[in-house]
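Residues 634 to 848 in our numbering are what the sequence shown lists, from first letter to last. Structure first, then comments.
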Amino acid sequence: MSALARELGLVIVAPVFERRAAGVYHNTALVIDADGRLLGQYRKMHIPHDPGFYEKYYFTPGDGGFPCFDTAAGRIGVAICWDQWFPEAARLLALGGAELVLYPTAIGWSESDDEEERATQRESWVAVQRGHAISNGVFVAAVNRTGREGALDFFGSSFVFDPRGRLLGQSPVDAEDLLVVDCDFAEIETTRREWPLLRDRRIDAYGDLTRRYRS
634 MSALARELGL VIVAPVFERR AAGVYHNTAL VIDADGRLLG QYRKMHIPHD
684 PGFYEKYYFT PGDGGFPCFD TAAGRIGVAI CWDQWFPEAA RLLALGGAEL
734 VLYPTAIGWS ESDDEEERAT QRESWVAVQR GHAISNGVFV AAVNRTGREG
784 ALDFFGSSFV FDPRGRLLGQ SPVDAEDLLV VDCDFAEIET TRREWPLLRD
834 RRIDAYGDLT RRYRS
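See the structure below:
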């Protein structure tokens, strides 16, 4: 992947199954700059355990927090699949200076889901990522698998939102696709001046966020 990045002059985010030690495995994304240098890795922090996604049997939660990477394409924050449902993860990446938050993803429907349930799941997934873009004033890209494996139909639909929540491009549900979208990072400054959400955070009042549940 490093040779490919160098050959094509592309920044590549490559998800891998990382064997850190005997019996210690991570769902990891490597970040490779356009000159082929390995800038580092992100280890998935939130590990799901629900029907069709029994990842707690295999993966150890990441212990490196939510790093950002300065690349030839800008400052990128990476999180993986289940991570993308957690607003705290997106916020920490934005606070780390990410201009683009990228989510490599493998999410799909069970064969038992009817059409209404399928539409609800997909629309909820898109809505949450759009919210991350708006509430943090960043570009958000989710890259989802398509096709079928076992009882799961992965629903593709890879997309990019700008900091105002505008959809810049989206791939189909049922076919592989190459999606190319221009992201003008100057829009982040403009958007955050008009919608200063990070400025107006009440960080003095959020201590309870570190608790499991507030009763």
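Beta carbons: idealized from backbone N, C-alpha and C, even for Gly.
Buried/exposed call for residue i, threshold 16 Cβ in 10 Å
i: Leu733; result: buried
i: His659; result: buried
i: Asp683; result: exposed
i: Gly840; result: exposed
i: Arg866; result: It is not possible to answer for residue 866, since the shown part of the chain is limited to 634 through 848.
i: Ala638; result: buried
i: Val657; result: exposed
Span separating the alpha-carbon of residue i from that of residue j
i: Phe692; j: Phe787; result: 21 Å
i: Asp810; j: Arg847; result: 43 Å
i: Ala636; j: Ala819; result: 30 Å
i: Ala667; j: Ala774; result: 19 Å
i: Arg844; j: Glu822; result: 32 Å
i: Gly739; j: Ser791; result: The sequence given here places Ala at residue 739; Gly does not occur at that position. Taking the straight line joining both Cα atoms gives about 10 Å.
i: Gly770; j: Leu842; result: 21 Å
i: Asp817; j: Gln674; result: 25 Å
i: Tyr690; j: Val761; result: 27 Å
i: Asp837; j: Arg676; result: 29 Å
i: Arg825; j: Glu688; result: 37 Å
Other residues of its chain near residue i: CB distance less than 8 Å, five sequence neighbours each side excluded
i: Val649; result: Thr661, Ala662 and Leu663
i: Val646; result: Ala662, Leu663, Val664, Ile665, Ile709, Val711, Leu735 and Pro737
i: His679; result: Pro694, Trp715, Asp716, Trp718, Phe719 and Ala722
Run of the alpha helix (DSSP H) containing residue i, from where it starts to where it stops
i: Trp758; result: Glu748 to Asn769
i: Ala775; result: That residue, Ala775, is in no alpha helix (DSSP H); its beta strand (DSSP E) goes Phe772 to Asn777.
Near the ligand PLP: residue i beta-carbon under 7 Å from a heavy atom
i: Ser848; result: Here there are no bound small molecules, and the ligand PLP is not part of this structure.
Close beta carbons around residue i, own chain, < 7 Å, minus the five adjacent residues each side
i: Leu725; result: Phe699
Counting Cβ pairs closer than 8 Å, one from the stretch 738-745 and one from the stretch 693-709, do we hit at least three? Here the stretch 738-745 makes no contact with the stretch 693-709; the two share fewer than three CB pairs at distances below 8 Å.
>> With three or more beta-carbon pairs closer than 8 Å as the criterion, would you say the stretch 720-737 touches the stretch 748-760?
In response: No: fewer than three Cβ pairs fall under 8 Å.
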